[in-house]
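Okay, structure first, notes after.
There are 2 protein chains.
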Amino acid sequence: MPVDASLLPNLKNIATRLRIESIRATTAAGSGHPTTCQSAADLMAALFFAEMRFDPGNPQHPLADRLVMSKGHAAPLLYAMWAEAGFIPRERLTDLRLLTSDLEGHPTPRLPFVDVATGSLGQGLAAGVGTALNARLIGSDYRTYVLMGDGETAEGSVWEAASVAHLYKLDALCAIVDINALGQSRATELEHDMEAHRTRWRAFGWHAVVIDGHDMAEVLAAYAEARATKGTPTVILARTLKGKGVSFTEGKPNWHGKPLKPEEATRAYAELEAQFEKEAGPTPSIPAPPAAPAASRPGPMPAPTYELGESIATREAFGTAITKLASVDPRVVALDADVKNSTFSERFEAAHPDRFFQFFIAEQVMVGAAMGLAARGAVPFPSTFAAFLTRASDFIRMAAISGVNIKLAGSHAGVSIGEDGPSQMALEDFAMATAQPNFTVLYPADAVSTEKLIAEMAAHHGPAYMRTTRPKTPVIYDNAESFPIGGLKVLRSSAADTATVVGAGVTLFEALKAHDVLKAEGISIRVIDLYSIQPIDAAALIAAGRETGRLITVEDHYVAGGIGDAVARAVAPAGLTVTRLAVTEIPRSGKPDELVEKYGISATSIVEAVR
Amino acid sequence: MPVDASLLPNLKNIATRLRIESIRATTAAGSGHPTTCQSAADLMAALFFAEMRFDPGNPQHPLADRLVMSKGHAAPLLYAMWAEAGFIPRERLTDLRLLTSDLEGHPTPRLPFVDVATGSLGQGLAAGVGTALNARLIGSDYRTYVLMGDGETAEGSVWEAASVAHLYKLDALCAIVDINALGQSRATELEHDMEAHRTRWRAFGWHAVVIDGHDMAEVLAAYAEARATKGTPTVILARTLKGKGVSFTEGKPNWHGKPLKPEEATRAYAELEAQFEKEAGPTPSIPAPPAAPAASRPGPMPAPTYELGESIATREAFGTAITKLASVDPRVVALDADVKNSTFSERFEAAHPDRFFQFFIAEQVMVGAAMGLAARGAVPFPSTFAAFLTRASDFIRMAAISGVNIKLAGSHAGVSIGEDGPSQMALEDFAMATAQPNFTVLYPADAVSTEKLIAEMAAHHGPAYMRTTRPKTPVIYDNAESFPIGGLKVLRSSAADTATVVGAGVTLFEALKAHDVLKAEGISIRVIDLYSIQPIDAAALIAAGRETGRLITVEDHYVAGGIGDAVARAVAPAGLTVTRLAVTEIPRSGKPDELVEKYGISATSIVEAVR
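Chains as they are written, first to last, in my numbering: chain A, 3 to 613; chain B, 3 to 613.
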């Protein structure tokens, strides 16, 4: 592709300034990854100042092109780019990594030009799939660029994302691999074997362009070629040198994650300044995105229409609820990993096929794409078996750091799934989700609360997780009941209660059974439906504990990190302790009722614990 | 490759019997995946009865060929194979999925012919990399076969494993992809595009053979070709039909995970029985593996040689300890994900290069391969930053279900890593590890306890996790001190103690500082080093709580699922509660000391909590 040669001197000078600022910031901080920035500086100078369409004063413009810095340790380069564009005062760049600065060691959305936090390698391309899908959803031609290191292409999540991006023909997505051939501790697996890289990407259906990542004309031409390529995404495979531009770091090992000492930095500046082109030519102008459309506003969700006593699995109610929600909220999308007929997200697909995305058996890219979608304003509901959400645990961790508005749902949790056995039983999903302090964690027991909590999840801004259940349960709530996040329901209560049993999901019904058995013996217990596990209604739990004298939790989850621990944390300040009924060993296959009995979370165990 | 045609009729009949038994078992169970078994029956009949070398009476023979059933939902097929081989009484096959039977819904190592539990798709090839590496370690020519479904090749972990298997030239590894083109809820992404499959595997360096998976001669020839292929692993890409052999299931959608009804099964048996070859010819004989060598016995590990007060990060002590351990225990191997210079596993590599495996930035295959190595008798220590072990969370879940002897180590945990920011800080690793009820979870505070606990980890059979620390800490223990798993150390104690502060790792030193500050004010506190978080010394914690009146935990971890919760679970039966000092929000970059202070886990916060 022909390029505008008049731009080259200025872009080269920008790249040199980016190198200088990256070194300056990391040397000031005393830590960081300058040589990682140096290898990508030419690629980023050309992208940001001669290719991307954005508003330097408004990084979150909804129709602006996106850049995901998947190699998050190149954060100083990203910050230098935004300083060059005018958004960050240049003198603030040396605040890098200070507690008082949002210029963190790896990028986070505390900065308005960061869509998702990066720094756990191999995640950025999945997020880029999400931002590219969002462009299609909102009918925009904005483009998404993802800068990766070559080392991170060892992560399987990259190939999950590559496969899906090709499947969805995301030609507005462009990956750039900064192939500097040096990892943290040694040479990368493929080193500078550019053909090996090209073969892999082509095998996954991508248009692949191999270039010298330090030849500005080649870089510009590659971006133009990517923009002109239709029907599949493009990857630019750029041969680069780590530490480029400084004689004693260029292509040298053992510089990863090391700032230059001040005297080394001084030598580096001198070398780099000597590389400035005297005749810089015209300053490139950054094209502005089109005017932003008005934000869409969701309508109210109609009330559920279940009948008391009706028998419906909460996973089925989930499928119905997200389908209804999407009818009143155009931002809502659903994502599946080939279990839509088990999670009932197939109902969503049938009603809203254009807002349903199939990721096949690839949970990491499903969650990562949801992060990208959420970062651009969609309200994504990725769902699969709760056990398999652990596959995306590191993505969920990064979603928490990003604070993105992602709505995870996991079905088929606990031993109550029965015969399929432990590999299919989520028994650590609450441990995973509640560990993240900004995650909302919900567990409805019936269809009405499921539907109401889906509406609450969508109305709440921030990451959330809902667990649903495989077996059917009876509808116990009136359609008019409300379920605020952070609340609970007291289902059985009397002045004579001698214990409070806290259940949720399937175990709530065991608690209700236990209540009836004990009542027949003249023993009264209070029964609580803890549908909101995080945040948790500490005051109500403390009150119940004080009034009844004892708190017993019962849950279809391992004992560590589950509902018992959540309740115990909530009531500890009042000096109350909790008796925990939970799964305490690796379970096995069997019938659901047998397993609930065997692992000590049935009505029988509750009755024994109360007695 | 030429094949012995005389074997074909008998192998076809075996395949037909495997189909019949798979249907019979799942129909008896009323759940399961018969059609998944039917597609792979020919592939498995040929593999098990005309290719693999094993002892049907001793599935764990150390030199026998291995089979990993990565598509774990084909468990009934695997069980039928072992019945056909004589290990399982045929009449027991209909005990499938019963609570009283080890024939679980998905295979687990409760059965002696299962190396690792499967059922979370995309994990088996990584385990196969491990068993193949083990063959090389012990100098055996045993081969490893991994049966996968086509749907699971969407999992990125498959491509992590593919890349590493090629890198290590594992020509004793053979993957078999049963390409029946039907996933759970719909057609697979690539359907029957055999060339697309071949292109991907070839791009990752594998020898790829495309066959008709129902043509027994082609199947036999493919195994022979795989055996003859040197220098890289082979994948057999077998075009198959789900539900093969029964007219109303063959190639039909909507049969995934559905047993045949009894009347359907009757029709199926009639159809299948009509397919038996009348002249079956010779019965194939299963070749026996060579005589097993004597098991190697580890020698005693020499005592550490640290000096009290010496300043050493526990991550460094970890590197030293595993290196020493490997010198006395030939079973010990180390696995890295390109951070060996941060975790100090580079010391192991320098001393024992033949027992050190580099997986680059691919944590899933690192942990999966460790599972395979452990299943065959090695004692693997995979290590990386603790934050990035969450990438392998689902593998760790399956390691727990497998009960394998894997020794995970995670460094750079908590806010005390400082400037790199939250993406690099593990703050949920204890939540992940302690959730698994059979995991041992350790967190040493100094170099001596690190080394002693590494020896304890190796001596203990079962999955274990050790967290190590980035900053240096002083040696506080004598080299002769012992650190049994499940113990703790009381470091400060007096009859006047008014509170017990439980620390671990970095926070132990904050607790010791707080002790000195309070002592100067005339306030006495007890200080405990909780180096073993699971199992936990409940009796000692209860005693300390009772004697001092208060328990305060302080940890560099999120509040949910961490040390505070573990202590609270331990002391709740005694009616004791715990005050938890932990990280309660998403942290940011800053200096280690600043962050420890800001997030409320410093000596200052402890002093305030005690006062």
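Backbone N, C-alpha and C define an ideal beta-carbon position, used for all residues, glycine too.
Every value quoted in this text rests on a predicted model; they were computed, and no experiment measured them.
Counting only beta-carbon separations shorter than 8 Å, does residue i have a partner in chain B?
i: residue 86 of chain A; result: no
i: residue 517 of chain A; result: no
i: residue 165 of chain A; result: yes
i: residue 208 of chain A; result: no
i: residue 25 of chain A; result: no
i: residue 187 of chain A; result: yes
i: residue 343 of chain A; result: yes
Quick check: is the beta carbon of residue i nearer than 8 Å to any beta carbon in chain A?
i: residue 363 of chain B; result: yes
i: residue 434 of chain B; result: yes
i: residue 544 of chain B; result: no
i: residue 108 of chain B; result: yes
i: residue 161 of chain B; result: yes
i: residue 593 of chain B; result: yes
i: residue 217 of chain B; result: no
i: residue 390 of chain B; result: yes
Looking at residue i: is its Cβ nearer than 8 Å to the Cβ of residue j?
i: residue 334 of chain A; j: residue 357 of chain A; result: yes
i: residue 117 of chain B; j: residue 371 of chain B; result: no
i: residue 598 of chain B; j: residue 413 of chain B; result: no
i: residue 605 of chain A; j: residue 510 of chain A; result: no
i: residue 366 of chain A; j: residue 74 of chain B; result: no
i: residue 614 of chain B; j: residue 261 of chain B; result: This structure cannot speak to residue 614 of chain B, because chain B is shown only from 3 to 613.
i: residue 20 of chain B; j: residue 86 of chain B; result: yes
i: residue 421 of chain A; j: residue 591 of chain A; result: yes
i: residue 392 of chain A; j: residue 563 of chain A; result: no
i: residue 251 of chain A; j: residue 37 of chain A; result: yes
i: residue 535 of chain B; j: residue 383 of chain B; result: no
i: residue 609 of chain A; j: residue 514 of chain A; result: no
i: residue 271 of chain B; j: residue 90 of chain B; result: no
i: residue 107 of chain B; j: residue 99 of chain B; result: yes
Using the C-alpha atoms, what's the distance from residue j back to residue i?
i: residue 557 of chain B; j: residue 427 of chain B; result: 13 Å
i: residue 573 of chain B; j: residue 537 of chain B; result: 13 Å
i: residue 4 of chain B; j: residue 230 of chain B; result: 12 Å
i: residue 331 of chain A; j: residue 484 of chain A; result: 20 Å
i: residue 306 of chain B; j: residue 317 of chain B; result: 15 Å
i: residue 554 of chain A; j: residue 248 of chain B; result: 52 Å
i: residue 195 of chain B; j: residue 360 of chain A; result: 19 Å
i: residue 493 of chain A; j: residue 595 of chain B; result: 48 Å
i: residue 198 of chain B; j: residue 160 of chain B; result: 16 Å
i: residue 253 of chain B; j: residue 341 of chain B; result: 47 Å
i: residue 83 of chain B; j: residue 17 of chain B; result: 9 Å
i: residue 489 of chain B; j: residue 444 of chain B; result: 10 Å
i: residue 162 of chain B; j: residue 364 of chain B; result: 6 Å
i: residue 516 of chain B; j: residue 32 of chain A; result: 29 Å
- request: Say whether the region 566-575 of chain A touches the region 561-578 of chain B, bearing in mind that this needs 3 or more beta-carbon pairs closer than 8 Å, one atom from each stretch.
  value: yes
query: So does the region 55-68 of chain B actually touch the region 149-160 of chain B, counting three or more Cβ pairs closer than 8 Å?
result: no
message: What ranges does the beta strand (DSSP E) occupy inside the region 428-513 of chain B, keeping only unbroken runs of at least 3 residues that lie completely in it?
response: 442-444, 466-469, 491-494, 502-505
query: For the region 259-315 of chain B, which segments carrying the alpha helix (DSSP H) assignment without a break, of at least 4 residues, lie completely within its bounds, in sequence order?
result: 264-275
message: Ignoring anything shorter than 4 residues, give me the alpha helix (DSSP H) runs that lie fully in the region 122-151 of chain B, in order along the chain.
response: 126-140
- prompt: For the 8 Å Cβ check, are there 3 or more pairs between the region 503-522 of chain B and the region 463-483 of chain B?
  reply: yes
Inside the region 311-358 of chain B only - alpha helix (DSSP H) runs reaching at least 4 residues: 316-330, 342-345, 348-353
field: Ranges of the alpha helix (DSSP H) found wholly within the region 571-605 of chain A, counting only runs of at least 4
entry: 594-600
message: Please give the ranges of any beta strand (DSSP E) in the region 217-261 of chain B, keeping only runs that are unbroken, at least 3 residues long and fully inside the region.
response: 236-241
field: Inter-stretch contact at 8 Å, needing at least 3 Cβ pairs: the region 173-185 of chain A / the region 133-144 of chain B
entry: no
Sufficient close CB pairs (3 or more, under 8 Å) joining the region 10-17 of chain B to the region 276-290 of chain B: yes
message: Count Cβ pairs between the region 123-138 of chain A and the region 167-176 of chain A that sit closer than 8 Å; are there 3 or more?
response: yes
query: What are the start and end residues of each continuous alpha helix (DSSP H) run of 4 or more residues lying completely inside the region 6-50 of chain B, in chain order?
result: 10-31
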